[in-house]
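Asker: Can you keep this structure in mind? I'll have questions shortly.
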Amino acid sequence: MNFFEHQDRARQNTQKLIGLFSLSIAVMIVAIYIATLFLFRMAPHIWWHSGLFLCVAGITIIAIALGSLYKIAYLREGGSVIAQELGGRLLLPETADEQGKQLLNIVEEMAIASGIPVPEVYLLDRETSINAFAAGFTPTDAVIGVTRGSLQHLNRDELQGVIGHEFSHILNGDMRLNLRLVGLLHGILFIYLTGELLLRLRAGSREDKGLPLWAFGLALMAIGGIGLLCGRLIKAAVSRQREFLADASAVQFTRNPNGLTGVLEKLQKMDSRLIAPGREAASHMFFGNALNPYLWDSMFCTHPPLAERIRRLGGVNVSNLPPMPSRHRTGSQESLAMGFAGGNAMSQQVVNQVGTVAPEHFAHAQALLSQLPESLRLRVREQESAMGIVFALALNTENLEVQKRQIDWLRQVQPTELVEKTLELSSEISQLDPSIRLPLVDLTVPALRQNSAKECQRLCKCVHGLVKASGNLSLWDFVLQLILWHRLQPCINPTSAITVEFTTIEQIWSDSILILSALARVGHSKPDAIAYAFRSGVFRLPKAGEQEKPDTPVCCNFSDLKKSIERVQLASPKLKQAIIDACAHTVLVDNKVTPKEADLLRAIAMTLDCPIPPFLNPQRGVFKQKQSSPKVS
Numbered sequence: 001m002n003f004f005e006h007q008d009r010a011r012q013n014t015q016k017l018i019g020l021f022s023l024s025i026a027v028m029i030v031a032i033y034i035a036t037l038f039l040f041r042m043a044p045h046i047w048w049h050s051g052l053f054l055c056v057a058g059i060t061i062i063a064i065a066l067g068s069l070y071k072i073a074y075l076r077e078g079g080s081v082i083a084q085e086l087g088g089r090l091l092l093p094e095t096a097d098e099q100g101k102q103l104l105n106i107v108e109e110m111a112i113a114s115g116i117p118v119p120e121v122y123l124l125d126r127e128t129s130i131n132a133f134a135a136g137f138t139p140t141d142a143v144i145g146v147t148r149g150s151l152q153h154l155n156r157d158e159l160q161g162v163i164g165h166e167f168s169h170i171l172n173g174d175m176r177l178n179l180r181l182v183g184l185l186h187g188i189l190f191i192y193l194t195g196e197l198l199l200r201l202r203a204g205s206r207e208d209k210g211l212p213l214w215a216f217g218l219a220l221m222a223i224g225g226i227g228l229l230c231g232r233l234i235k236a237a238v239s240r241q242r243e244f245l246a247d248a249s250a251v252q253f254t255r256n257p258n259g260l261t262g263v264l265e266k267l268q269k270m271d272s273r274l275i276a277p278g279r280e281a282a283s284h285m286f287f288g289n290a291l292n293p294y295l296w297d298s299m300f301c302t303h304p305p306l307a308e309r310i311r312r313l314g315g316v317n318v319s320n321l322p323p324m325p326s327r328h329r330t331g332s333q334e335s336l337a338m339g340f341a342g343g344n345a346m347s348q349q350v351v352n353q354v355g356t357v358a359p360e361h362f363a364h365a366q367a368l369l370s371q372l373p374e375s376l377r378l379r380v381r382e383q384e385s386a387m388g389i390v391f392a393l394a395l396n397t398e399n400l401e402v403q404k405r406q407i408d409w410l411r412q413v414q415p416t417e418l419v420e421k422t423l424e425l426s427s428e429i430s431q432l433d434p435s436i437r438l439p440l441v442d443l444t445v446p447a448l449r450q451n452s453a454k455e456c457q458r459l460c461k462c463v464h465g466l467v468k469a470s471g472n473l474s475l476w477d478f479v480l481q482l483i484l485w486h487r488l489q490p491c492i493n494p495t496s497a498i499t500v501e502f503t504t505i506e507q508i509w510s511d512s513i514l515i516l517s518a519l520a521r522v523g524h525s526k527p528d529a530i531a532y533a534f535r536s537g538v539f540r541l542p543k544a545g546e547q548e549k550p551d552t553p554v555c556c557n558f559s560d561l562k563k564s565i566e567r568v569q570l571a572s573p574k575l576k577q578a579i580i581d582a583c584a585h586t587v588l589v590d591n592k593v594t595p596k597e598a599d600l601l602r603a604i605a606m607t608l609d610c611p612i613p614p615f616l617n618p619q620r621g622v623f624k625q626k627q628s629s630p631k632v633s
């Protein structure tokens with residue numbers, strides 16, 4: 001099952017969730033109706049009163065709906081809300097201890113390997129148990145929470161296994177489902193809270209006539225308890241199998257089953273339970289069971305038994321995992337270095353690698369980070385330096401006249417200190433291989449998101465201004481602006497949500513044609529080769545035989561391309577899969593991929609929230625051969 005199938009399965013599970021939720025509401029309506037009969041002391045032989053039943057059903061549904069809608073609206077800002085409710089503290093590099101820095105390093109490695117922005121990391125300082133969670137609506141706004149006990153009791157391999165497990169939840173669409181589960185089940189919990197409120201009102205009243213209110217409040221709490229059990233059943237039904245999948249994915253990511261097995265064995269002897277008040281609502285999000293044991297544990301527990309998880313991991317033989325792909329180079333252009341064997345197989349493997357982390361990508365990310373200069377590695381985590389890095393990436397390093405014009409413009413809108421830092425960073429970044437530019441952007445994202453929404457918008461406008469000052473919009477300039485704007489959207493507009501508006505190719509046919517046209521022109525220079533690559537991609541689209549197809553790529557500019565990508569972003573997961581497949585086929589029809597093709601293809605996939613791993617090129621190091629590069633002042 002690939003990334004897109006997981007997204008569709010998540011949508012199907014949402015429908016299953018709504019069905020179970022509706023059944024729970026029906027059970028609670030009947031229970032409240034029976035309690036109401038006793039409250040109003042109806043005659044024992046009158047068990048059915050249609051007017052009363054409709055009244056009870058209406059009030060119950062409204063109460064649950066209001067409770068759920070309130071929570072859903074509250075959670076619109078994403079996973080950070082859950083982390084803060086659980087007592088999490090945003091882990092910043094400048095305040096992190098050695099254990100915290102190790103955690104940040106592991107998260108960065110996994111993010112670069114999987115092609116998603118580096119998630120914010122929250123540390124649950126008060127939790128001494130071993131546990132972790134991932135929360136958010138999309139990979140772009142994901143956060144990871146880790147308990148203090150995990151840092152204290154796990155070694156690096158074990159912590160890496162836990163983070164790999166949580167990244168699986170990010171990539172497989174589990175987070176969105178989990179947040180919806182929190183929102184919906186809050187409405188059921190609202191019944192319990194209402195009963196508790198009635199009891200408090202009765203406790204503050206001295207009137208004996210309050211006894212029925214007291215009895216009704218107690219009944220609501222009891223019914224709310226039934227709802228609580230229903231909620232746990234729903235969470236168990238939705239999350240258990242996904243925990244097995246996350247365990248298996250973590251082993252695939254790290255190629256080290258012993259790391260994750262070691263964590264689970266420690267949980268058998270230690271503890272994964274939390275003390276935070278919000279643990280009940282978020283229990284299904286955690287790596288291990290966050291709640292106290294209760295009756296019929298096997299029925300209501302949100303996680304599979306530890307012994308079963310260990311048994312399944314014990315059956316994984318690393319030597320039986322798919323071998324690492326061979327890598328080769330053809331002519332002056334680089335192959336994808338992922339073991340692709342031409343034509344359809346190549347584009348299909350690109351699709352299959354979306355939303356996954358192969359061991360060679362993880363190793364590549366580790367090597368990349370280890371070879372970055374220490375000064376640059378530290379600066380990506382500082383707010384001001386991260387801004388300087390982004391500005392430096394927008395500077396023209398090939399034409400000093402153009403770069404001077406850009407710097408003159410930057411001096412008009414930014415402090416002198418930041419401009420000087422940008423120049424210094426530009427000199428350092430110019431020594432790096434161009435393939436590191438996209439990972440470098442993602443490494444700056446956590447620091448940049450510490451700015452306010454207005455400051456993030458201003459940052460994007462400044463990058464646009466630098467590009468405009470150059471007088472010529474290059475492909476890299478377009479990719480940089482596209483990725484930066486998309487990565488900062490959770491900060492700029494935290495309540496925005498991507499919804500599915502297009503489910504058929506006819507609705508976005510012209511947009512697909514335009515995107516394939518851009519990719520064909522980027523990868524080839526000869527008209528015949530451009531037309532052949534374009535047609536090869538078009539015929540990979542669904543129902544291509546039924547649509548009007550141009551023989552040659554359509555004319556387009558970067559503005560039109562951006563609009564088309566934004567429209568395709570609203571397509572269903574399976575439709576996105578078909579478009580990514582067509583894009584990959586356009587690029588790989590000649591069995592080669594240039595750096596420009598790689599940048600544009602990855603930028604398109606990332607903007608569609610389809611995380612794609614980096615294209616590997618083992619024959620090139622992180623650093624270019626050093627050249628003299630005079631600084632512009």
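For the sequence shown, counting from 1, position 247 maps to 247 in full-length UniProt numbering; every step adds exactly one.
Glycine is no exception: its CB is placed at the ideal position from the N, C-alpha and C atoms.
Source: prediction; values computed, not measured.
1. Buried or exposed: K71, going by 16 or more other Cβ atoms within 10 Å of its Cβ?
2. Using 8 Å for Cβ pairs, my map puts A282 next to V182. What's the rounded Cβ distance?
3. Do G100 and A276 have their C-beta atoms within less than 8 Å of each other?
4. Closer than 8 Å by C-beta to V380: which residues in its own chain qualify, once you throw out the five before and the five after it? Chain order, please.
5. Could you tell me whether the Cβ of L475 comes closer than 8 Å to any Cβ of chain C?
6. For T147, which residues does DSSP report across the bridge?
7. Could you spell out where the beta strand (DSSP E) holding A134 opens and where it closes?
8. Pull up the distance between the alpha-carbon of Q569 and that of I483, whole angstroms please.
9. Based on Cα-Cα distance, which residue from E420, E428, R437, C491 lies nearest to A453?
10. If you count every other CB in all the chains shown that lies within 10 Å of the CB of L197, and 16 or more means buried, which is it?
11. My assumption, with CB atoms under 8 Å, is that I163 sits in contact with I112. Please give the rounded CB distance.
12. Around the Cβ of D408, are there at least 16 other Cβ atoms within 10 angstroms (buried) or fewer (exposed)?
13. Provide the residue(s) that pair with V413 in DSSP beta bridges, ordered along the chain.
14. From E280 to V143, what distance separates their C-alpha atoms?
15. Taking the alpha helix (DSSP H) that R602 belongs to, which residues open and close that run?
16. Taking only runs that begin and end inside the segment 55-119, name each unbroken alpha helix (DSSP H) of 4 or more residues, in chain order.
17. Using only the alpha-carbon positions, how far apart do G224 and T194 sit?
18. Is F502 near S572, with beta carbons less than 8 Å apart?
19. Who are the near neighbours of T60 in its chain, counting only those whose CB is closer than 8 Å to its CB and skipping five residues on each side?
20. Measuring only from the beta carbon, is F478 closer than 7 Å to any heavy atom that is part of the ligand MG?
21. Kindly identify the DSSP beta-bridge partner or partners of F502.
22. For the segment 239-258 against the segment 356-367, do three or more pairs of beta-carbon atoms, one drawn from each stretch, fall closer than 8 Å, so that the two count as touching?
23. My output table needs one value for F286: the three-state DSSP class, helix, strand or coil.
24. How would you write the range of the alpha helix (DSSP H) that E308 sits in, first residue to last?
25. Alpha carbons only, please: which of A246, A135, Q431, M606 is nearest the one belonging to A83?
26. According to DSSP, which residues form a beta bridge with L159?
27. What are the complete alpha helix (DSSP H) segments, minimum 4 residues, inside the segment 522-588?
28. Quick check for students: name the residue ranges of the beta strand (DSSP E) that lie wholly in the segment 190-260, counting only runs of 3 or more.
29. Give me the residue from R535, K563, Q371, K562 with the minimum Cα distance to P550.
30. Would you decide whether I508 is buried or exposed? Buried here means 16 or more other CB atoms lie within 10 Å of its CB.
31. What is the C-beta distance between N557 and S470, in whole angstroms, given that I count them as a contact (C-beta under 8 Å)?
32. Ordered along the chain, which non-local residues of its own chain (more than five positions away) have a Cβ less than 8 Å from that of R567?
33. Assuming F133 contacts E166 under a Cβ cut-off of 8 Å, what Cβ separation, rounded to an integer in Å, is found between them?
34. Checking 8 Å against the spacing of the C-beta atoms, do N289 and R273 come in under that value?
35. Grab the span of the alpha helix (DSSP H) containing S375 for me, first residue to last.
36. DSSP three-state label for W509, please.
Answerer: Straight from the coordinates:
1. buried
2. 6 Å
3. no
4. A386, I389, L440, L443, T444, A447
5. Note that chain C does not occur in the displayed structure, where there is just one protein chain.
6. L124
7. 132-135
8. 13 Å
9. C491
10. exposed
11. Actually they are not in contact, since the Cβ atoms of I163 and I112 sit about 13 Å apart, beyond 8 Å.
12. exposed
13. V413 pairs with nothing; no bridge assigned.
14. 19 Å
15. 595-607
16. 79-85, 98-114
17. 9 Å
18. yes
19. I25, M28, I29, I32, I191
20. The ligand MG is not among the ligands present in this structure, which contains no ligands whatsoever.
21. A571
22. yes
23. strand
24. 306-314
25. A135
26. Answer is none; L159 lacks a bridge partner.
27. 527-538, 558-568, 573-588
28. none
29. R535
30. buried
31. No, N557 and S470 are not in contact; Cβ-Cβ is about 16 Å, not under 8 Å.
32. F502, I508, D511
33. 7 Å
34. yes
35. 374-379
36. helix
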